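Trainee: Protein chains in written order, with our numbering: chain A, 5 to 324; chain B, 5 to 324. From the three backbone atoms N, C-alpha and C, an ideal C-beta is built for every residue, glycine too. Here the structure is a predicted model, which means the values were calculated and not measured. So that we are looking at the same thing, I have put the structure below in structure tokens.
Protein chains: 2
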Amino acid sequence: MSAYYPSRQDIETAHERILPYIHRTPVLTNAYINQLTGCEVYFKAENFQKIGAFKARGGLNAALSIPKEKLGKGLCTHSSGNHAQAIAYAAKMLQVPAFIVMPSTANKVKVAAVRAYGAEVIFCEPNQKAREEMVQRVEKETGAYFIHPYNDIQVIEGQATAAKELLSAYPDLELLFVPVGGGGLLSGTCLSAKYFGKDVKVYAGEPEAVNDAWQSIQQDTIAPATGNPTIADGLTVSLGNLTYPIIKQEVSGILTVKEDEIRSAMKLVWERMKIVIEPSSAVPLAALLANTDLFRAKKIGIIISGGNVDLAAPLPFQAV
Amino acid sequence: MSAYYPSRQDIETAHERILPYIHRTPVLTNAYINQLTGCEVYFKAENFQKIGAFKARGGLNAALSIPKEKLGKGLCTHSSGNHAQAIAYAAKMLQVPAFIVMPSTANKVKVAAVRAYGAEVIFCEPNQKAREEMVQRVEKETGAYFIHPYNDIQVIEGQATAAKELLSAYPDLELLFVPVGGGGLLSGTCLSAKYFGKDVKVYAGEPEAVNDAWQSIQQDTIAPATGNPTIADGLTVSLGNLTYPIIKQEVSGILTVKEDEIRSAMKLVWERMKIVIEPSSAVPLAALLANTDLFRAKKIGIIISGGNVDLAAPLPFQAV
Numbered sequence: 005m006s007a008y009y010p011s012r013q014d015i016e017t018a019h020e021r022i023l024p025y026i027h028r029t030p031v032l033t034n035a036y037i038n039q040l041t042g043c044e045v046y047f048k049a050e051n052f053q054k055i056g057a058f059k060a061r062g063g064l065n066a067a068l069s070i071p072k073e074k075l076g077k078g079l080c081t082h083s084s085g086n087h088a089q090a091i092a093y094a095a096k097m098l099q100v101p102a103f104i105v106m107p108s109t110a111n112k113v114k115v116a117a118v119r120a121y122g123a124e125v126i127f128c129e130p131n132q133k134a135r136e137e138m139v140q141r142v143e144k145e146t147g148a149y150f151i152h153p154y155n156d157i158q159v160i161e162g163q164a165t166a167a168k169e170l171l172s173a174y175p176d177l178e179l180l181f182v183p184v185g186g187g188g189l190l191s192g193t194c195l196s197a198k199y200f201g202k203d204v205k206v207y208a209g210e211p212e213a214v215n216d217a218w219q220s221i222q223q224d225t226i227a228p229a230t231g232n233p234t235i236a237d238g239l240t241v242s243l244g245n246l247t248y249p250i251i252k253q254e255v256s257g258i259l260t261v262k263e264d265e266i267r268s269a270m271k272l273v274w275e276r277m278k279i280v281i282e283p284s285s286a287v288p289l290a291a292l293l294a295n296t297d298l299f300r301a302k303k304i305g306i307i308i309s310g311g312n313v314d315l316a317a318p319l320p321f322q323a324v
Numbered sequence: 005m006s007a008y009y010p011s012r013q014d015i016e017t018a019h020e021r022i023l024p025y026i027h028r029t030p031v032l033t034n035a036y037i038n039q040l041t042g043c044e045v046y047f048k049a050e051n052f053q054k055i056g057a058f059k060a061r062g063g064l065n066a067a068l069s070i071p072k073e074k075l076g077k078g079l080c081t082h083s084s085g086n087h088a089q090a091i092a093y094a095a096k097m098l099q100v101p102a103f104i105v106m107p108s109t110a111n112k113v114k115v116a117a118v119r120a121y122g123a124e125v126i127f128c129e130p131n132q133k134a135r136e137e138m139v140q141r142v143e144k145e146t147g148a149y150f151i152h153p154y155n156d157i158q159v160i161e162g163q164a165t166a167a168k169e170l171l172s173a174y175p176d177l178e179l180l181f182v183p184v185g186g187g188g189l190l191s192g193t194c195l196s197a198k199y200f201g202k203d204v205k206v207y208a209g210e211p212e213a214v215n216d217a218w219q220s221i222q223q224d225t226i227a228p229a230t231g232n233p234t235i236a237d238g239l240t241v242s243l244g245n246l247t248y249p250i251i252k253q254e255v256s257g258i259l260t261v262k263e264d265e266i267r268s269a270m271k272l273v274w275e276r277m278k279i280v281i282e283p284s285s286a287v288p289l290a291a292l293l294a295n296t297d298l299f300r301a302k303k304i305g306i307i308i309s310g311g312n313v314d315l316a317a318p319l320p321f322q323a324v
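Written out as structure tokens, the structure is:
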């Protein structure tokens with residue numbers, strides 16, 4: 005599989021394109037977490053991003069790149085949540101309709117948020133095949149333009165802008181940690197590390213239960229989604245043929261973590277940093293905490309991917 | 005009861021005194037909450053303060069004002085939580101012992117945090133009389149210097165610095181909203197509004213269940229604590245003879261809110277702003293939401309007092 009690399013200029017253009025619609029999110033630090041990890045950790049708080057997650061970046065860049073004449077029938081996509089909100093938000097900004105295929109298990113807050121942007125939600129079985137089939141049907145029936153949640157060059161360019169902002173604020177970072185699901189954020193982060201960092205290594209955190217990205221690197225071919233459950237519901241999908249080759253080439257390692265490690269890291273962030281993050285966002289910190297020996301005294305950037313949690317339900321780290 | 009007013013210079017000196025030990029906390033905004041309230045709301049995020057609450061300011065200012073020769077035996081206080089942590093933190097900074105009287109019902113996270121600063125915790129019955137008696141005993145037995153949680157001029161000056169920072173960042177604010185318990189934050193905020201604001205009105209939010217501050221204004225005398233339960237566990241105490249006269253003179257209104265209104269406002273902040281705030285911190289926003297007609301199109305500063313919540317227990321807004 006040959007890798008297509010968006011250029012430095014492509015990412016800069018993407019950033020300019022989306023800037024009017026996104027927040028320049030803050031970078032947070034925490035003395036206690038620095039002490040625990042023995043590192044200087046800089047958290048890029050994309051939970052404070054529009055729609056509550058970094059996915060606003062990729063969705064907007066893709067939607068804003070579509071020629072006007074192809075936009076009339078609106079946008080469609082499939083997503084367990086945050087990309088769904090991103091496309092619904094982008095469609096609202098562009099004043100076109102949006103049709104969003106979501107798994108029947110998607111969290112209620114995310115479904116409500118998608119509808120609040122005026123999008124139509126179509127439910128499907130909670131597996132990748134069902135999602136893809138349903139979105140094809142929706143595409144055919146509505147004529148809406150399909151924006152893939154991660155396997156899309158414009159989406160990758162958009163996600164890259166989070167690490168670009170982080171590296172522009174903290175040019176001395178030595179490592180970047182992000183979660184990996186479909187690989188949009190990870191491949192974009194690899195590109196920004198290459199173009200905007202000084203010898204920056206990129207690591208991904210992945211739940212052991214859905215370790216298909218780790219498997220993919222081992223086997224040198226895209227492994228299918230495991231289908232296992234995980235509390236990190238944003239990370240259940242497999243890599244794509246656009247994200248995988250970049251990741252294979254650029255990533256320094258994929259570190260898998262147990263569900264309990266994700267729970268603990270999530271609680272640590274809520275308790276000590278006083279911010280609401282979703283389970284997927286705790287995965288990179290969990291990976292760092294489980295491997296502090298490998299990263300002693302490093303300056304590390306972590307992208308907090310999002311903060312969309314169903315607060316009415318028990319939280320993953322609460323005693324039930 | 006005559007009012008003693010710390011001067012503008014006193015508050016400036018307090019601010020300089022504590023600056024090396026505190027965070028200059030960010031000011032956050034939220035488009036959805038602006039839409040809901042019809043106002044421009046600026047949240048001073050003291051949940052990101054050292055010890056997770058504004059109380060670090062007053063505790064530090066008081067501790068740092070004590071003459072060195074009186075400090076040898078350490079510090080003591082009584083508090084349901086955040087002032088306890090503030091004094092424990094201040095004692096650690098000054099390298100002296102701390103003895104903290106806490107009600108037996110105090111939340112576990114706060115107790116653990118107090119101990120983590122190296123302080124000794126002494127439990128008492130959960131009422132104001134028991135607290136005061138116990139702290140007198142501790143003072144006598146240990147010789148530690150007592151710092152009252154709110155009825156103390158240096159504490160009031162320290163709490164005033166939160167509004168001072170907010171007004172220096174947003175000089176056009178027309179109103180400030182804070183919670184009221186013992187009145188340290190409220191009286192301090194009144195002083196900063198007077199000295200550093202341009203015709204700024206100050207309102208307090210208070211739980212209906214513990215409406216002694218509201219009663220005090222009505223009756224023109226300090227009403228005792230009601231003793232009723234409230235989820236806003238930081239606001240159960242009554243005003244003091246130093247805080248009350250300033251509040252009586254300066255406050256534009258005390259707005260009481262129901263427990264359900266506090267729950268909803270708390271959930272709104274967690275869900276939309278992605279920050280962890282404690283129930284007491286949601287009281288001013290609840291008061292604004294219940295009275296939007298009175299404050300249409302105003303520029304409002306709200307001090308988010310703290311973020312110390314026991315995350316292992318069910319949250320106040322969760323279905324149990």
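1) So with CB distances below 8 Å, who are the chain A contacts of B:Pro30?
2) Among B:Tyr248, B:Ala148, B:Leu293, whose alpha-carbon lies nearest the alpha-carbon of B:Lys74?
3) Can you look up A:Met270 in the DSSP assignment and give me helix, strand or coil?
4) Cutting at 8 Å between CB atoms, please list the residues of its own chain near B:Asn245, excluding the five before and the five after it.
5) First and last residue of the alpha helix (DSSP H) that includes B:Ile251?
6) Are the C-beta atoms of B:Ala316 and some chain A residue less than 8 Å apart?
7) Quick one: complete beta strand (DSSP E) runs, 3+ long, within the segment 86-163 of chain B?
8) Would you list, in sequence order, the uninterrupted beta strand (DSSP E) runs of no fewer than 3 residues that lie entirely inside the segment 166-225 of chain B?
9) Output needed in chain order: residues of the segment 46-60 of chain B with a Cβ under 7 Å from some Cβ in chain D.
10) So A:Tyr46 is in the beta strand (DSSP E); what residue range does that whole segment cover?
11) Tell me which residues share the same chain as A:Asp216 and place their Cβ nearer than 6 Å to its Cβ, disregarding the 5 neighbours each side in the sequence.
12) For A:Ile160, which residues from the same chain have a beta carbon less than 8 Å from its beta carbon, with the 5 sequence-adjacent residues on both sides left out?
13) In its own chain, which residues sit with a C-beta less than 8 Å from the C-beta of B:Pro288, not counting the 5 before and 5 after it?
14) Cβ atoms of B:Ala18 and B:Thr165: under 8 Å apart, would you say?
15) Can you list, in chain order, the residues of the segment 259-285 of chain A whose Cβ is nearer than 7 Å to any Cβ on chain B?
16) Leaving out five residues before and five after A:Pro107 in sequence, what residues of the same chain have Cβ atoms less than 8 Å from its Cβ?
17) Quick test of your reading: B:Val204 and B:Leu170, contact by CB under 8 Å. State the CB separation rounded to the nearest angstrom.
18) Who are the Cβ neighbours of B:Arg21 in its own chain at under 8 Å, not counting the five residues just before and after it?
19) Should B:Ala120 go down as buried or exposed, given a rule of 16 or more other Cβ atoms within 10 Å for buried?
20) Any C-beta of chain B within less than 9 Å: which residues of the segment 87-119 of chain A qualify?
21) Among A:Ile104, A:Ile157, A:Gln163, A:Lys112, which has the Cα closest to the Cα of A:Gln140?
22) Excluding sequence positions up to five away, which residues of its chain have a Cβ less than 7 Å from the Cβ of B:Ile258?
23) B:Gln322 versus chain A: which residues are under 8 Å apart at the beta carbon?
24) Can you tell me which residues form a DSSP beta bridge with A:Leu32?
25) Comparing C-alpha positions only, which one of A:Ala95, A:Gln322, A:Leu315, A:Asp224 sits nearest to B:Lys278?
26) For the beta strand (DSSP E) that B:His82 lies in, which residues bound it at each end?
27) Tell whether a beta-carbon distance below 8 Å holds between B:Val255 and B:Ala291.
28) Can you give the Cα-Cα distance for A:Thr41 and B:Phe52, rounded to whole angstroms?
29) Helix, strand or coil for B:Ala236 per DSSP?
30) With DSSP as the reference, identify every bridge partner of B:Gly311, one or two as the case may be.
31) Exposed or buried, B:Pro320, counting other C-beta atoms within 10 Å across all chains shown (16 or more means buried)?
32) Pull up the DSSP beta-bridge partners for B:Ala57, would you.
33) By the 7 Å beta-carbon criterion, what residues does the segment 293-316 of chain A contribute toward chain B?
34) Who does B:Gly231 pair with in a DSSP beta bridge?
35) Could you name the residues that DSSP lists as bridge partners for B:Thr260?
36) Just to check my reading of the structure: A:Ile151 and A:Tyr8 have Cβ atoms closer than 8 Å, yes? What is that Cβ distance to the nearest angstrom?
Mentor: In short, the structure shows the following:
1) As a first step, residue 30 of chain B must be located in the second sequence, where it is residue number 26. Correct list: Pro30.
2) The count along the second sequence starts at 1 and reaches residue 74 of chain B at position 70. Checked all of B:Tyr248, B:Ala148, B:Leu293; the closest Cα to B:Lys74 is B:Ala148.
3) The residue you call residue 270 of chain A lines up with position 266 of the first sequence. Here A:Met270 sits in helix by DSSP.
4) In the second sequence, counting from the first residue as 1, residue 245 of chain B sits at position 241. Hits under 8 Å: Met5, Asn155, Ile226.
5) In the second sequence, counting from the first residue as 1, residue 251 of chain B sits at position 247. Judged by DSSP secondary structure, B:Ile251 falls within the alpha helix (DSSP H) whose first and last residues are 247-254.
6) Here residue 316 of chain B refers to the residue found at position 312 when the second sequence is read from its first residue. By this cut-off, B:Ala316 is an interface position.
7) Counting only runs of 3 or more, we get 102-107, 124-128.
8) Correct list: 179-183, 205-211.
9) Absent from the structure: chain D. Protein chains present are A and B.
10) What you label residue 46 of chain A is simply residue 42 of the first sequence in a count that begins at 1. From DSSP, the beta strand (DSSP E) with A:Tyr46 extends over 44-49.
11) The residue labelled residue 216 of chain A in the question sits at position 212 within the first sequence. Hits under 6 Å: Ala227, Ala229, Thr230, Ser242.
12) Locating residue 160 of chain A in the first sequence gives position 156, where the first residue counts as 1. Cβ neighbours of A:Ile160 within its own chain (closer than 8 Å, five residues either side excluded): Pro10, Gly62, Tyr154, Gly188, Ser191, Gly192, Leu195, Leu246, Thr247, Ile250.
13) As a working note, residue 288 of chain B is residue 284 in the second sequence. The residues Phe181, Val182, Pro183, Tyr207, Ala208, Gly209, Ile306, Ile307, in chain order, have a CB closer than 8 Å to that of B:Pro288 in the same chain once the five nearest residues on each side in sequence are set aside.
14) One-based indexing of the second sequence puts residue 165 of chain B at position 161. One-based indexing of the second sequence puts residue 18 of chain B at position 14. Contact: yes.
15) For the segment 259-285 of chain A, the set of positions with a beta-carbon nearer than 7 Å to some beta-carbon of chain B reads Lys271, Trp274, Glu275, Lys278, Ile279, Val280 in chain order.
16) Start at 1 with the first residue of the first sequence, and residue 107 of chain A comes out as number 103. Closer than 8 Å at Cβ, skipping near neighbours: Ser84, Phe127, Cys128, Glu129, Pro130, Asn131, Ala134, Arg135.
17) For the purposes of this step, residue 204 of chain B is identified with residue 200 of the second sequence, where counting begins at 1. For the purposes of this step, residue 170 of chain B is identified with residue 166 of the second sequence, where counting begins at 1. Approximately 10 Å separates the beta-carbon atoms of B:Val204 and B:Leu170; this is outside 8 Å, ruling out the contact.
18) Here residue 21 of chain B refers to the residue found at position 17 when the second sequence is read from its first residue. Within the same chain, B:Arg21 has close Cβ partners Leu64, Asn65, Leu68, Ser69.
19) By one-based count along the second sequence, residue 120 of chain B stands at place 116. Exposed is the call here.
20) Residues Val113.
21) Your numbering for residue 140 of chain A matches position 136 in the first sequence. Per the Cα distances, A:Ile104.
22) As a position in the second sequence, residue 258 of chain B is number 254, starting the count at 1. The residues are Val184, Ala208, Glu210, Ala217, Trp218, Ile221.
23) Here the question's residue 322 of chain B lines up with position 318 in the second sequence. Per Cβ cutoff of 8 Å: Leu315, Ala316, Ala317, Pro318.
24) One-based indexing of the first sequence puts residue 32 of chain A at position 28. DSSP, once it has assigned bridges, lists A:Phe47 as partnering A:Leu32.
25) Position 274 of the second sequence, counted from the start, is the residue given in the question as residue 278 of chain B. Its Cα nearest to that of B:Lys278, the residue A:Leu315 stands out among A:Ala95, A:Gln322, A:Leu315, A:Asp224.
26) Residue 82 of chain B sits at position 78 when you count from the first residue of the second sequence. Counting along the chain, the beta strand (DSSP E) containing B:His82 begins and ends at 79-82.
27) The count along the second sequence starts at 1 and reaches residue 255 of chain B at position 251. The count along the second sequence starts at 1 and reaches residue 291 of chain B at position 287. Against a cut-off of 8 Å, the Cβ pair of B:Ala291 and B:Val255 comes out as no contact.
28) As a working note, residue 41 of chain A is residue 37 in the first sequence. As a working note, residue 52 of chain B is residue 48 in the second sequence. Answer to the nearest angstrom: the Cα atoms are 20 Å apart.
29) Walking along the second sequence from the start, residue 236 of chain B turns up at place 232. The answer is coil: DSSP assigns B:Ala236 none of H, G, I, E or B.
30) Reading the second sequence from its first residue, position 307 is the one you call residue 311 of chain B. In the DSSP output, where bridge partners are listed per residue, B:Gly311 has none listed.
31) Counted from its first residue, the second sequence places residue 320 of chain B at position 316. Buried, because 16 or more other Cβ atoms sit within 10 Å of the Cβ of B:Pro320.
32) Numbered from its first residue, the second sequence carries residue 57 of chain B at position 53. Partner residues in the beta bridge of B:Ala57, as assigned by DSSP, are B:Gly310.
33) Answer in chain order: Gly311, Leu315, Ala316.
34) What you label residue 231 of chain B is simply residue 227 of the second sequence in a count that begins at 1. In the DSSP assignment, B:Gly231 forms no beta bridge with any residue.
35) Taking the first residue of the second sequence as 1, we reach residue 260 of chain B at position 256. Beta-bridge pairing links B:Thr260 to B:Glu210.
36) As a working note, residue 151 of chain A is residue 147 in the first sequence. As a working note, residue 8 of chain A is residue 4 in the first sequence. Between A:Tyr8 and A:Ile151 the Cβ distance is about 17 Å, and since that is not below 8 Å, they are no contact.
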